[in-house]
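Trainee: Quick one: structure below, then a few questions.
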Amino acid sequence: MILGVCSSPYLSLRRQICFLDMTSIHQSDNELLQRGIYSIGGCLSVSKELRVLYSPPYFGSLWCLFELVAFRNSNPTGKIKFL
Numbered sequence: 128m129i130l131g132v133c134s135s136p137y138l139s140l141r142r143q144i145c146f147l148d149m150t151s152i153h154q155s156d157n158e159l160l161q162r163g164i165y166s167i168g169g170c171l172s173v174s175k176e177l178r179v180l181y182s183p184p185y186f187g188s189l190w191c192l193f194e195l196v197a198f199r200n201s202n203p204t205g206k207i208k209f210l
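Each residue of the sequence shown is one higher than the one before, counting from 128 in my numbering.
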């Protein structure tokens with residue numbers, strides 16, 4: 128699934144694709160979790176926009192901050208939109 132999401136910007140698809148970290152990165156198997164974390168940079172670097180479903184405790188989560196920093200680092204011209 129992750130391979131499909133990461134390669135989709137290079138294919139001639141006319142649909143928008145959404146990457147949900149909670150469903151795309153394994154939450155209970157440590158090895159799969161680490162592999163997902165290491166590969167998220169590739170997905171973020173080809174993304175045009177990061178949409179954040181904001182809630183008050185959002186910035187208290189290290190994982191959420193990691194995603195914001197990783198997106199900005201790997202994609203300096205990408206948009207960040209808070210919803």
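Each residue gets a CB set at the ideal place from its N, CA and C atoms; glycine is no exception.
Report the option in Glu176, Ser155 and Ser166 whose CA atom is closest to the CA atom of Arg199.
Mentor: With distances taken between Cα atoms, Arg199 lies closest to Glu176.
Trainee: Helix, strand or coil: which one does DSSP assign to Leu177?
Mentor: strand
Trainee: What do you reckon, are the CB atoms on Leu160 and Ala197 nearer than 7 Å?
Mentor: no
Trainee: Spatial neighbours of Thr204 within its chain, please: CB distance less than 8 Å, with the 5 preceding and 5 following residues excluded, ordered by chain position.
Mentor: Excluding residues up to 5 positions away in sequence, nothing lies with its Cβ nearer than 8 Å to the Cβ of Thr204 in the same chain.
Trainee: Taking a contact to mean a Cβ-Cβ separation below 7 Å, would you say Val173 touches Phe209 in this structure?
Mentor: no
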